[in-house]
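J.:
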Amino acid sequence: MSAGCVITGVMDLKSELLKSIWYAFTSLDVEQSGKVSKSQLKVLSHNLYTVLNIPHDPVVLEEHFKDDSNGPVSNQGYMPYLNKYILAKATEGTFSKETFDDLCWTMTSKKNCKPSIQQGLCSPKDCFKLFCLFNLLSEDRYPLVIIQPELEYLLTKISSAMSLEWDGTLLEELLSQNAALQDGMSVWEFLEHLSAGQLLHVESKESFSLAVDDVFMEMYHNIIKKGYLLKKGHVRRNWQERWFVLKPSSLMYYVNEDLKEKKGEVLLEENSVVENQPDKEGRRCLFCVNTAIRTYEMSASNMKQRVDWVQAIQTALRLRAEGKISLHQELKLSRRKQRETLQRSQNNQSSHSEPTEVETPQHSSPEQQGESERLEQHIEGIIQKQREVEAKHKEEEKQEREKQQAIQRDLERQLEEAKEAKEKMTATLTEMQKEVQQQKKRIHELQLTQVKLEEALNAQIHARLEEDGIRQELERQLEEEQKKLVELQLKTSAVGSQEDSFTTTPPSSQQTEESTERELVNQSTTTQMLKHWKIQHNHLMKPITPGDKVEHLPVKSTCPRQGHALTSTEFIAKVQTGITQDKGNGYSPSPNQEEEEQGS
1 MSAGCVITGV
11 MDLKSELLKS
21 IWYAFTSLDV
31 EQSGKVSKSQ
41 LKVLSHNLYT
51 VLNIPHDPVV
61 LEEHFKDDSN
71 GPVSNQGYMP
81 YLNKYILAKA
91 TEGTFSKETF
101 DDLCWTMTSK
111 KNCKPSIQQG
121 LCSPKDCFKL
131 FCLFNLLSED
141 RYPLVIIQPE
151 LEYLLTKISS
161 AMSLEWDGTL
171 LEELLSQNAA
181 LQDGMSVWEF
191 LEHLSAGQLL
201 HVESKESFSL
211 AVDDVFMEMY
221 HNIIKKGYLL
231 KKGHVRRNWQ
241 ERWFVLKPSS
251 LMYYVNEDLK
261 EKKGEVLLEE
271 NSVVENQPDK
281 EGRRCLFCVN
291 TAIRTYEMSA
301 SNMKQRVDWV
311 QAIQTALRLR
321 AEGKISLHQE
331 LKLSRRKQRE
341 TLQRSQNNQS
351 SHSEPTEVET
361 PQHSSPEQQG
371 ESERLEQHIE
381 GIIQKQREVE
391 AKHKEEEKQE
401 REKQQAIQRD
411 LERQLEEAKE
421 AKEKMTATLT
431 EMQKEVQQQK
441 KRIHELQLTQ
451 VKLEEALNAQ
461 IHARLEEDGI
471 RQELERQLEE
481 EQKKLVELQL
491 KTSAVGSQED
501 SFTTTPPSSQ
511 QTEESTEREL
521 VNQSTTTQML
531 KHWKIQHNHL
541 MKPITPGDKV
551 EHLPVKSTCP
561 RQGHALTSTE
571 FIAKVQTGIT
581 QDKGNGYSPS
591 PNQEEEEQGS
């Protein structure tokens, strides 16, 4: 970067700051005499020190603005003081230019901005942004005015931002009605006529405000280009869509265009290079920016966008190499040079043609006439080419606008489809939630049923265990009864042996009769007992079937069960009853039998 570029940048910054300070100074000059009190200048200087982020000593500031004939302000005036102590210390990048301009706008708008301006098309924020744009395009002479070509340039930019073509008939009508505006228009006249709708056809205030904001971001904040691009990640190596903003010194990228979440920044340096890349990984329209740190790979939506981005980044690198901080400032100077060149050529032509016409008004040669015709044809050709370029540019803008509208319609259609899909998904989720609730209810019912079945199974198992216990008890009783039966059979055999002994020993006739009667009684008793034992045995041999717990309640011993086996106590009681009945009939058991029965 050359020293001349640095000096030019410093001078441009100083001139831009002076424009806003001039408005603040004139707002303090209430009597319009060109003089302002030192106390007001001290407050203004303190505010300028603050917004420009310049360190200063308040004590020294008080010394400079003492109400006496000493000091730099009293001896030299405020303008030399401003240049030496404030503007010379202002450094680009150490303060917010927008905050500085907002201070000056606040001071001057209170006095000069009419209420009718803010009640019309322009809102207060729009007025401030237009004030900044006016200062950017105004001429470097005081009082500050904007000439017609620069005004047309600004109005064209705003119309393009609203996707409209600017109609210059309104401006022509205004200039024809007010000839004083042809030499230039002040910022207050500009805001008044624009807010009244005398410079632009505007469909709505909202679209106008958005257009002013876009132009403000582009021209005031030195944004060369902005838009969406696909960027390849450095770590994950995946492609993500990002909103890129290109300035002369950097290429920043955000999550989306609201600029709330910044994801990174590509610093453009003197050794940075931008170049196209071949298609790969299923991506087209690739290009990359090579810096000293790393390589950034990006993908545009189409070939035209890739060309535009590559050219814009090359422009930013050129401005960086030349030490220029603003593309629009350079374009403004270029337009000014073209106007000055055209003005000089017109002056030269008029100065050369007037003497010729005076000296030889009737002696123009055919060669001169041919030269004049060729010059006219050349000028006409240039004008025609310019018209063709403008027509081509308008056609391209129209095509681009139609393309953007088609994209917008496609996006709206996709949005509608997404809404419908979302509604269907919501309905499906609702049905699934209902089904889940029903399944949960069914599972709960099944769990309750399982608990009940487990309880019933446990009760059945308990009843079965009781049945097993009862069966075991009956088997034990059967064994006891069988033992008793065997003992009875042994007794019966013993009785038979006694009868044999009686037969071998002839008794007396009386004994024989008694023994015969006793024997008959014993035989009848034994026969009855055998029948009874057979009946009990048959009942005991009957298989036990499973039953409910209620059916097998314990039976009182005083009430023998019918059709079932008797306990030993019940059996003894019954036998004793039978014996008693036999005694009543004349039968008396032997002592041995009584002992055996009692023992059993």
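In the UniProt record's numbering, the protein residues as written are 1 to 600. Just so you know, even glycine gets a beta-carbon here, dropped at the ideal spot from N, CA and C. None of the values given here were measured: they were computed from a predicted structure.
1) Out of curiosity, what's the CA-to-CA distance linking residue 609 and GLU445?
2) Spatial neighbours of VAL212 within its chain, please: CB distance less than 6 angstroms, with the 5 preceding and 5 following residues excluded, ordered by chain position.
3) Which residue comes first and which comes last in the beta strand (DSSP E) that contains residue 605?
4) If you reduce the DSSP assignment to three classes, tell me which class GLN240 lands in.
5) In three-state DSSP terms, what is ARG336?
6) Does the distance from the CB of ASP167 to the CB of CYS132 come in under 9 angstroms?
7) Judging by CA-CA distance, which residue of THR99, LEU191, GLU173, GLN349 is the nearest neighbour of GLN119?
8) Tell me whether the region 47-56 and the region 82-96 touch, counting them as touching only if at least three CB pairs, one residue from each stretch, are closer than 8 angstroms.
9) Work out the CA separation of THR426 and ASN271 for me, nearest whole Å.
10) In angstroms with no decimal places, state the Cα-to-Cα distance between THR106 and VAL235.
11) If I follow the unbroken alpha helix (DSSP H) through SER209, where does it start and stop?
12) Quick one: what's got a C-beta closer than 6 angstroms to LYS225's C-beta in the same chain, skipping five residues either side?
13) Assuming GLU165 contacts LYS392 (C-beta within less than 8 angstroms), just tell me the rounded distance between them.
14) For SER195 and CYS122, I'd like the C-alpha separation in whole angstroms.
15) Report buried or exposed for SER15, applying the criterion of at least 16 other Cβ atoms within 10 angstroms of its Cβ.
16) In terms of residues, what are the limits of the beta strand (DSSP E) holding MET252?
17) Can you name, in chain order, every residue of its own chain whose Cβ lies under 7 angstroms from the Cβ of ILE443, other than the five neighbours on each side?
18) Go ahead and pull the three-state DSSP assignment for THR341.
19) Should ILE21 be labelled buried (16 or more other beta-carbon atoms within 10 Å of its own) or exposed?
20) For ARG283, which beta-bridge partners are listed by DSSP?
21) I need the straight-line Cα distance from GLY496 to LYS484, nearest angstrom please.
22) Looking at C-alpha atoms only, which residue of LEU530, LYS440, ARG237, LEU327 is the closest neighbour of GLU297?
23) Tell me MET185's beta-bridge partners as DSSP assigns them.
24) Starting from MET298, trace the beta strand (DSSP E) in both directions and tell me its first and last residue.
25) Please classify GLN329 as buried or exposed, where buried requires at least 16 other C-beta atoms within 10 Å of its C-beta.
26) Which word fits LEU520, buried or exposed, when buried means at least 16 other C-beta atoms lie within 10 angstroms of its C-beta?
27) Assign ASN53 to one of three DSSP states: helix, strand, or coil.
28) Compute the Euclidean distance between the alpha carbons of LEU44 and PHE65, then round it to the nearest angstrom.
29) Using the beta-carbon count (16 or more within 10 Å), is GLY282 buried or exposed?
30) Give a yes or no on contact between the region 171-181 and the region 290-306, applying the rule of three or more CB pairs nearer than 8 angstroms.
31) Take LEU13 as the anchor and find which of GLU479, GLY323, GLN349, GLY264 has the nearest alpha-carbon.
32) What is the DSSP secondary structure of LEU553, reduced to helix, strand or coil?
33) Using the Cβ count rule (16 or more neighbours within 10 Å means buried), how would you classify LYS231?
34) So, with DSSP's three-state summary, where would you put LEU246?
35) Tell me whether the beta-carbon of residue 613 lies closer than 9 angstroms to the beta-carbon of SER249.
36) For ARG561, which three-state DSSP category applies?
T.: The relevant details are as follows:
1) Absent from the model: residue 609. The displayed extent of the chain is 1 to 600, so no value can be given.
2) Taking the sequence shown and counting its residues from 1, one reaches residue 212 at position 212. For VAL212, where only same-chain residues beyond five positions count, the Cβ hits under 6 angstroms are ASP126, LYS129.
3) No information on residue 605 is available, as it lies outside the stretch 1 to 600 that the chain covers here.
4) The residue given as residue 240 occupies position 240 in the sequence shown. Annotated three-state conformation of GLN240 is strand, per DSSP.
5) Here residue 336 is taken as the residue at index 336 of the sequence shown, counted from 1. Look at ARG336 here: in three-state DSSP terms it is helix.
6) The sequence position of residue 167 within the sequence shown is 167, counting from 1. The sequence position of residue 132 within the sequence shown is 132, counting from 1. Cβ distance not < 9 angstroms, so ASP167 and CYS132 don't count as in contact.
7) Position 119 of the sequence shown, counting from 1, holds the residue named residue 119. Distance from the Cα of GLN119 is smallest, within the candidate group THR99, LEU191, GLU173, GLN349, for LEU191.
8) These segments touch.
9) As a position in the sequence shown, residue 271 is number 271, starting the count at 1. As a position in the sequence shown, residue 426 is number 426, starting the count at 1. If I take the Cα positions, the gap works out to 55 angstroms.
10) Within the sequence shown, the letter at position 106 stands for residue 106. Within the sequence shown, the letter at position 235 stands for residue 235. Straight through space, the alpha carbons of VAL235 and THR106 are spaced by roughly 47 angstroms.
11) To locate residue 209, count along the sequence shown from 1; it is residue 209. Per DSSP, SER209 belongs to the alpha helix (DSSP H) from 205-215.
12) As a working note, residue 225 is residue 225 in the sequence shown. Here the set comprises LEU246, ALA312.
13) In the sequence shown, counting from the first residue as 1, residue 165 sits at position 165. In the sequence shown, counting from the first residue as 1, residue 392 sits at position 392. Not a contact, Cβ separation roughly 14 angstroms.
14) What you label residue 195 is simply residue 195 of the sequence shown in a count that begins at 1. What you label residue 122 is simply residue 122 of the sequence shown in a count that begins at 1. Spanning the two alpha carbons is a distance of roughly 5 angstroms.
15) For the purposes of this step, residue 15 is identified with residue 15 of the sequence shown, where counting begins at 1. Residue environment analysis places SER15 among the exposed positions, since fewer than 16 neighbouring C-beta atoms fall within 10 angstroms of its C-beta.
16) Counting from one through the sequence shown, the residue named residue 252 turns up at place 252. Segment 250-254, the beta strand (DSSP E) holding MET252.
17) Residue mapping note: residue 443 aligns to position 443 of the sequence shown, counting from 1. The beta carbon of ILE443 lies closer than 7 angstroms to none in the same chain, with the five residues before and after it left out.
18) Walking along the sequence shown from the start, residue 341 turns up at place 341. Helix at THR341.
19) Residue numbering aside, residue 21 sits at position 21 when the sequence shown is read from its first letter. With at least 16 other beta carbons inside 10 angstroms of its own, ILE21 counts as buried.
20) Working through the sequence shown from its first residue, we reach residue 283 at position 283. Per DSSP, LYS280.
21) Translated into positions along the sequence shown, residue 496 becomes position 496. Translated into positions along the sequence shown, residue 484 becomes position 484. About 18 angstroms.
22) Residue numbering aside, residue 297 sits at position 297 when the sequence shown is read from its first letter. When each option's Cα is compared against that of GLU297, the closest is ARG237.
23) Indexing the sequence shown from 1 puts residue 185 at position 185. The partner list for MET185 (beta bridge, DSSP) reads ILE146.
24) Residue mapping note: residue 298 aligns to position 298 of the sequence shown, counting from 1. For MET298, the enclosing beta strand (DSSP E) has its first and last residue at 295-299.
25) One-based indexing of the sequence shown puts residue 329 at position 329. Looking at its Cβ environment, which holds 16 or more other Cβ atoms inside 10 Å, GLN329 is buried.
26) Along the sequence shown, read from residue 1 onward, the residue named residue 520 stands at position 520. Classification for LEU520: exposed.
27) Numbered from its first residue, the sequence shown carries residue 53 at position 53. Coil.
28) Taking the sequence shown and counting its residues from 1, one reaches residue 44 at position 44. Taking the sequence shown and counting its residues from 1, one reaches residue 65 at position 65. Approximately 11 angstroms between the Cα atoms of the pair.
29) As a working mapping, residue 282 is identified with position 282 in the sequence shown. Only exposed fits GLY282, as fewer than 16 other CB atoms lie within 10 angstroms of its CB.
30) In short, these stretches do not touch, since the Cβ pair count stays below three.
31) Position 13 of the sequence shown, counted from the start, is the residue given in the question as residue 13. When only C-alpha atoms are compared, the closest one is GLY323.
32) Sequence index remark: in the sequence shown, residue 553 carries index 553 (1-based). Reliability fails at LEU553, whose pLDDT of 47 lies under 50, so the model's placement of it is uncertain and the value that follows must be treated cautiously. If DSSP states are grouped into helix, strand and coil, LEU553 belongs with coil.
33) Here residue 231 corresponds to residue number 231 of the sequence shown, with the count starting at 1. Its Cβ being crowded by 16 or more others within 10 Å, LYS231 is buried.
34) Residue mapping note: residue 246 aligns to position 246 of the sequence shown, counting from 1. In this structure, LEU246 counts as strand in the three-state DSSP scheme.
35) Only positions 1 to 600 of the chain appear in the structure, and residue 613 is not among them; the question remains open.
36) In the sequence shown, the residue the question calls residue 561 occupies position 561. Note that ARG561 scores 49 on pLDDT, short of 50, meaning its location in the model is unreliable; the coordinates nonetheless yield the value given after this. Looking at ARG561 - three-state DSSP - the assignment turns out to be coil, as it is neither helix nor strand.
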